[in-house]
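A quick write-up on the structure given underneath.
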Amino acid sequence: MGRISLSCSPRAAVDRGCAMGLALSASQQLQVPSEITEERPWAEVACMGVKMLLLAEAGARKADVAAEESREASMSLSTMKDNLENSTARREQLIKECEEAQLEVAKQISTLQATLEAERRQRDTEFASLMAKERLEFEVKLAALAADKEALTKDLGARDTELATLREEKTSLEDELKAAAYRRGDYKKALRGARKEVRALKASLKHFASSEAGQELIAKASLDSLVLAKRKLDQEYPDVVVDFPDLVNFVIEEMHNEQEEAAEDDAAPTGSREAPSPQESDTSMEDASSKAE
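In this text, residue positions in the sequence shown follow full-length UniProt numbering: the first is 1, and each later residue adds one.
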């Protein structure tokens, strides 16, 4: 659609405007107003032609827009139809895939259930066998512990009996120790009495030895003792030569030593002496008995 050029003559403008208006009205099925006639003034006709031209242009633009919208709607409808068909096909494909997936999942679930059931049965069997084994081991250990307990009870009873016997032996030993202590005291008393008797005997012997009869008897006894001692030494030790004067000197020296020990015993007070041990008491008793002999 073009515009009417006003540079042409009015008549040409009117003709052109009318022609274009008629053409547009015929193409767009517009009704031509009855006022557009050649009897009217050219200006009015031109204006009417221009109006008709503008109306034709507006109708043409509307028709173009409607055609474009129709084409777009047609294309959209076709696209939507294609999309709908594609969606339907996709939906059917998805439904089919879902059904297949459901079947596969059902199969897998049934397989897993069967596997789990088999594993559960196997675990139950293993657990039952393990519990039976452990129960048997526990019963064996319990029996062994019961036997150990019985043996320990017997051993404890034997130890109690042994302990009672040891206590009795301890009591008996304590009684014997007390009796030995009493006997030791008796021995000490007897030893003190024997010492007193020995001192008294020594005093009487000293008194007797100071007399003439005692001197003669001592000399005769000493001579006889020396002779007997010399014979005994010769018999027991034939390889050892002992001179008689040496023997006499040895005997005299021993007699002097005994006299000095007796004098020291007489000089020492009884209370200031330390109590002799049982071994010393036994040794002193043996010495006293040997001296008495």
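From the three backbone atoms N, C-alpha and C, an ideal C-beta is built for every residue, glycine too.
Measuring alpha carbon to alpha carbon, tell me which residue in the options is nearest residue i.
i	options	result
residue 260	231, 206, 232 and 228	206
Suppose the cutoff is 6 Å on Cβ atoms and the five residues either side in sequence are ignored; what does the same chain contact list for residue i look like?
i	result
residue 148	none
residue 159	none
residue 188	none
residue 115	none
residue 122	none
residue 63	none
Can you find a heavy atom of the ligand NAD that lies under 8 Å from the Cβ of residue i?
i	result
residue 51	Looking at this structure, you won't find the ligand NAD or any other ligand, since it has none at all.
Can you find the residues in the same chain that come closer than 8 Å, C-beta to C-beta, to residue i, ignoring five residues on each side of it along the sequence?
i	result
residue 78	none
Which residues in the same chain as residue i place their Cβ atom closer than 7 Å to its Cβ, once the five residues preceding and following it in sequence are excluded?
i	result
residue 90	none
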